[in-house]
Every structure is written in structure tokens, then in C-alpha cells.
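Residue numbers (the working numbering): 26 to 483. Each residue gets a CB set at the ideal place from its N, CA and C atoms; glycine is no exception.
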Amino acid sequence: MTVQLKKPVASATPVHLVDKASFQASTQGLPAATRQWMATTGFVGAPDTHALVPDAEGRLAAVWAGVKSADHPYALAALPRALPEGRYRLGAEGLKADLQAAALSWELGAYVFDLYKAPKRAAAELQMAPSEAASRGLLLATAIAATRDLVNTPAEHLGPAELSAAVKAVARAHGAKFREVVGDALLKSGFPAVHAVGRASSRPPRLIELNWGNPKHRKLTLVGKGVCFDSGGLDLKPADGMRWMKKDMGGAANALGLATMVMALKLPVNLQLLIPAVENAVSGNAFRPGDVIKTRKGLHIEIGNTDAEGRVILCDALAYAAERNPELVIDLATLTGAARVALGPQLPALFCRRMDLARELVDLGLQLEDPVWHLPLWKGYHPLIESDIADIVNTGRGPMAGAVTAALFLEDFVPESLDWLHLDLFAWNDAARPGRPVGGEAQALRTLLAYLEDRFGD
Numbered sequence: 026m027t028v029q030l031k032k033p034v035a036s037a038t039p040v041h042l043v044d045k046a047s048f049q050a051s052t053q054g055l056p057a058a059t060r061q062w063m064a065t066t067g068f069v070g071a072p073d074t075h076a077l078v079p080d081a082e083g084r085l086a087a088v089w090a091g092v093k094s095a096d097h098p099y100a101l102a103a104l105p106r107a108l109p110e111g112r113y114r115l116g117a118e119g120l121k122a123d124l125q126a127a128a129l130s131w132e133l134g135a136y137v138f139d140l141y142k143a144p145k146r147a148a149a150e151l152q153m154a155p156s157e158a159a160s161r162g163l164l165l166a167t168a169i170a171a172t173r174d175l176v177n178t179p180a181e182h183l184g185p186a187e188l189s190a191a192v193k194a195v196a197r198a199h200g201a202k203f204r205e206v207v208g209d210a211l212l213k214s215g216f217p218a219v220h221a222v223g224r225a226s227s228r229p230p231r232l233i234e235l236n237w238g239n240p241k242h243r244k245l246t247l248v249g250k251g252v253c254f255d256s257g258g259l260d261l262k263p264a265d266g267m268r269w270m271k272k273d274m275g276g277a278a279n280a281l282g283l284a285t286m287v288m289a290l291k292l293p294v295n296l297q298l299l300i301p302a303v304e305n306a307v308s309g310n311a312f313r314p315g316d317v318i319k320t321r322k323g324l325h326i327e328i329g330n331t332d333a334e335g336r337v338i339l340c341d342a343l344a345y346a347a348e349r350n351p352e353l354v355i356d357l358a359t360l361t362g363a364a365r366v367a368l369g370p371q372l373p374a375l376f377c378r379r380m381d382l383a384r385e386l387v388d389l390g391l392q393l394e395d396p397v398w399h400l401p402l403w404k405g406y407h408p409l410i411e412s413d414i415a416d417i418v419n420t421g422r423g424p425m426a427g428a429v430t431a432a433l434f435l436e437d438f439v440p441e442s443l444d445w446l447h448l449d450l451f452a453w454n455d456a457a458r459p460g461r462p463v464g465g466e467a468q469a470l471r472t473l474l475a476y477l478e479d480r481f482g483d
């Protein structure tokens, strides 16, 4: 941890927060030499900038950090790997720091994926007096970092079994129950679609399940797409399309990250986490275009394209989730390129049957700087996924509205009586921003957690 929750040592360098609007008022009482130094370096409190202020001997005396706002979730994220190594504390000048945002943003700003390559230097350490707000910020950052680590890990070292082990470790840490159904046992247990997609790999497919909480509490089910590598199957992806397919389990990683937050904060829910975990590989027994697969719900799927496998494994998990009649089901999946074409990498597509709930989540995401964007479950497009020889086909009839038709496909496996959210996310940063390096990402988790706390909290 780069954030240490303990009384700061006297020698820790103070970090003062300021924004552009408050810059003049916050700095007018500083010594003339300090103000001149800021003017010389061009520091005016712009977000993600900082000024190192020396003392009379030329040693570092203080840091002034420009922020968008003190409560911004990435307020201090630009500092940990830019400041000189050492110990820092929150200063008393300028804006009053938001303790949760400070802990969250500093820890995320220090994040690197270092499984194979050590960082060139250690991040600067922030010492904060223990508080509930700082502890929460650190808890969120830890879950987000774990989510990123899973997405960043190459498929060679994160197949279905390793993903299962990660869920089992989280279950053990929080006293949750863990079970999995592996390989041909999926057929006996009623998960034929998961088996069909994953059977071609030498690494057996599985349905991973975690259960936690008081059975008397209201039921919440999270479902995550766990395609640990997606070759496209027999409809093989081109090289460029396959390059980053280690991240096709990003939905599972994000669902596990959200489950971790729920358990760590002891939200009063009866939680179920479901992850269908497979590798979409090519071999003699791979499922084929034109095949018809029976699902757990009893609906038959015609396979229009083996590269639309995520929705095929999710349909069994969603049908299983519905059997216990939870109050809310949320599925997270790196499901369609169409969602990225429509919204780009930073905006997960949100599908929801209730317009009021969708608007609430969009507004909450904007408020928390953790956005989602509502796309419609447009019933008029359902004929695009209707098959001549089966109940439904896993591809639309053309390139239009691909994210919508994929969501409509999933909706067929979720009873109308259930509240259901579907998030089609990227789980990846394709360009670096402070606290968000290129690579795996947790998306919409803080927004979903805030909604769950409001809905289920005491």
C-alpha cells in the first residue's frame, strides 16, 4: 500500500490542494518568494499539475497540487509517481481535502501491473490519520486494483481454473461459500451452453459460484462474463482482433470486484456471484456456425457466429440466477464491439427495462465520475435475432444495433418479473490518464456500489 493509515511523521512533506478558482485567494498569504516561484514555474492550480516548493536551503518544503475538486476520485492521482520518493501528508493550506477521495486517488495513482516487470521507482507514500472515510477510499482502491490485475494477466496464466482460484481466494477472505461445476459435469448440472462454448479448450470450462450473507436478507445476484481468452472459435478473429482478448474476462473481473466491495463493506444482502468461465478455442470438437444448442432455460440457440460466444455462456448463468428469484440481477460483460463504436472506451453501455432506474444510474455515474450511458432495449429489433430453425440466434441479421440485439438476446433469459441491469463494458484503458494507466480497468463499480448501498443499505 502506498497510502498508510497512521499518524503522519513530523518529517512528512505537506501536500496542499488548490483549484484554479481558489488559487489567488489560497496563495496570497504565502511568502513573496514562494508566490514568485509558482509564477516562474507556471503553476496556477490547474488539475493534475503540481508545484514543488523549496525552503531557504533548497530542500523540499511543500507540494501544491492542482485539482479539479477536492472530492474528485482522481484528485491526487497524478502525484504518487511524479513526486520525489518519500513521505507526504495532507496539508492545511488551500482546499480542505476529502479523505476518501485522497486515499482512493493516491492509491490508484500509484497502481502499476508489476507481475512481470518491476516499476522503475517506488511511488511516493501518503500518510493519513486513520479515519472511516480514508479506510473506505483505500478499500475501494484495493478492489479496483485487484480487478485491473485480473484483466491485465495474460491468458497463459489466467485460464478458467486460475479465475476460479481467484474467486475462491476472495470467498475465503470474506467467509463466503464457494462452488464450481467443471467440464462434462456442466452437462449433468444443466449448463449446456457454457459447456458447448468451452469444450474445445484443453482447459475445462466451468460455472463458478460464490454465495455470501444472511439468507434472510434481500437477494442480489451478480453475473460476470468469464471468457479467459477469445480466439473467435471457428469464426477465427484476425490477429489484431485477437491481440487483447486476454481482457475478455473483464466482466468477470469487474463482477468479482463489485462483490468484493459489497462483502468488505458488509452490505446487508444475500449475495450470489456467478461466473461462467471458458476459453473460446479451436479444435475438432469446437462448436460450429449453424449448430443449435439447447440452454438451461430450454430455449434453443442457433449459432450464427462462434465469435459471439459471450452471450451464449451468459444465458445459462442468467437462467440459473433467475431460479432463486433475486430482487436484482446485474450482469457485466465485455460483450460487443458495437457498444465501443457507439460510446467509445470510457462509457459502459447500460441496458435496463426501467427508464427511471436507468436515468438514476446515469446521473449517479456522472456525479461520481464513474459513468455509464443508457442504451435502449428496443423491442422492435428482436426480429433481428429470431431464427428460422431455433428459438433465437446469437447474431443479428446485420451490423446495425449490435449492442442492442446482444442485450435483447440476454433479456430472453431474464424473467420480466426481475429487476435486471446489463452493462456492456470495455474493461480497458486504451490511453493513460492520471490514476488510469493503459490496461485493465474497473468500470462503473463505484457507481453500482453507491446504488446498491442506497437500495439495500440499512
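Residue i in three-state terms, based on DSSP
i	result
residue 141	coil
residue 246	strand
residue 447	strand
residue 236	strand
residue 195	helix
residue 411	coil
residue 403	coil
residue 38	strand
residue 459	coil
residue 453	strand
residue 437	coil
residue 464	strand
residue 429	helix
residue 416	coil
residue 478	helix
residue 29	strand
residue 484	Any answer about residue 484 is impossible in this case: the structure gives the chain only from 26 up to 483.
residue 132	helix
residue 102	coil
residue 273	helix
residue 388	helix
residue 255	strand
residue 266	helix
residue 297	strand
residue 120	strand
residue 261	coil
residue 485	Residue numbering for the chain in the displayed model covers 26 to 483; residue 485 lies beyond these limits and cannot be assessed.
residue 127	helix
residue 115	strand
residue 302	strand
Nearest candidate by alpha-carbon position, reference residue i, set the options
i	options	result
residue 465	272, 120, 281	272
residue 88	98, 126, 198, 151	151
residue 185	75, 158, 231	231
residue 308	418, 225, 141	225
residue 181	269, 340, 426	269
residue 371	302, 456, 338, 264	456
residue 106	256, 83, 454, 130	130
residue 247	280, 113, 263, 254	280
residue 476	387, 124, 73	387
residue 84	109, 75, 68	109
residue 252	236, 220, 235	220
residue 474	245, 420, 417, 433	245
residue 192	233, 228, 178, 157	233
residue 215	140, 291, 49, 324	324
Nearest-angstrom Cβ-Cβ length linking residue i and residue j, presumed shorter than 8 Å
i	j	result
residue 40	residue 91	With a Cβ gap of about 11 Å, residue 40 and residue 91 do not count as contacting.
residue 70	residue 28	Rounded, the Cβ-Cβ distance is 23 Å, inconsistent with contact.
residue 430	residue 400	No, residue 430 and residue 400 are not in contact; Cβ-Cβ is about 11 Å, not under 8 Å.
residue 288	residue 132	About 19 Å separates the two Cβ atoms, so there is no contact after all.
residue 428	residue 340	Rounded, the Cβ-Cβ distance is 16 Å, inconsistent with contact.
Residue i CB to nearest heavy atom of the ligand HEM below 6 Å
i	result
residue 53	Within the structure as shown, the ligand HEM is missing, as the structure has no ligands at all.
Quiz item: Using 8 Å as the Cβ pair cut-off and three pairs as the minimum, do the region 348-363 and the region 441-449 touch?
Solution: yes
Quiz item: Are three or more beta carbon pairs between the region 435-443 and the region 156-171 nearer than 8 Å?
Solution: no
Quiz item: Which parts of the region 304-384 are runs of the beta strand (DSSP E), unbroken and 3 residues or longer, counting only runs that do not cross its ends?
Solution: 317-319, 325-327, 353-358, 374-377
Self-check item: Contact the region 392-411 vs the region 277-286: 3+ CB pairs below 8 Å
Solution: no
Self-check item: Ordered list of beta strand (DSSP E) runs contained in the region 61-97, each at least 3 residues
Solution: 75-79, 85-91
Practice problem: Examine the Cβ distances between the region 29-48 and the region 140-156 and report whether three or more of them are shorter than 8 Å. | Solution: yes
Exercise. With a floor of 3 residues, list each beta strand (DSSP E) that falls wholly inside the region 152-239, ordered by position along the chain.
Key: 202-207, 231-237
Self-check item: Contact the region 129-147 vs the region 164-179: 3+ CB pairs below 8 Å
Solution: By the C-beta criterion, the region 129-147 is judged to be in contact with the region 164-179, since at least 3 inter-stretch pairs fall below 8 Å.
Quiz item: Using 8 Å as the threshold, is the region 239-249 in touch with the region 413-421, meaning 3 or more CB pairs across them?
Solution: no
Self-check item: Three CB pairs or more closer than 8 Å across the region 352-360 and the region 310-320
Solution: no
Practice problem: Taking 8 Å as the threshold, find out whether the region 293-306 comes into contact with the region 332-349 through three or more Cβ pairs. | Solution: yes
Quiz prompt | Cβ pair count under 8 Å reaching 3, the region 255-265 against the region 327-346 | solution = Result yes; three or more Cβ-Cβ pairs closer than 8 Å.
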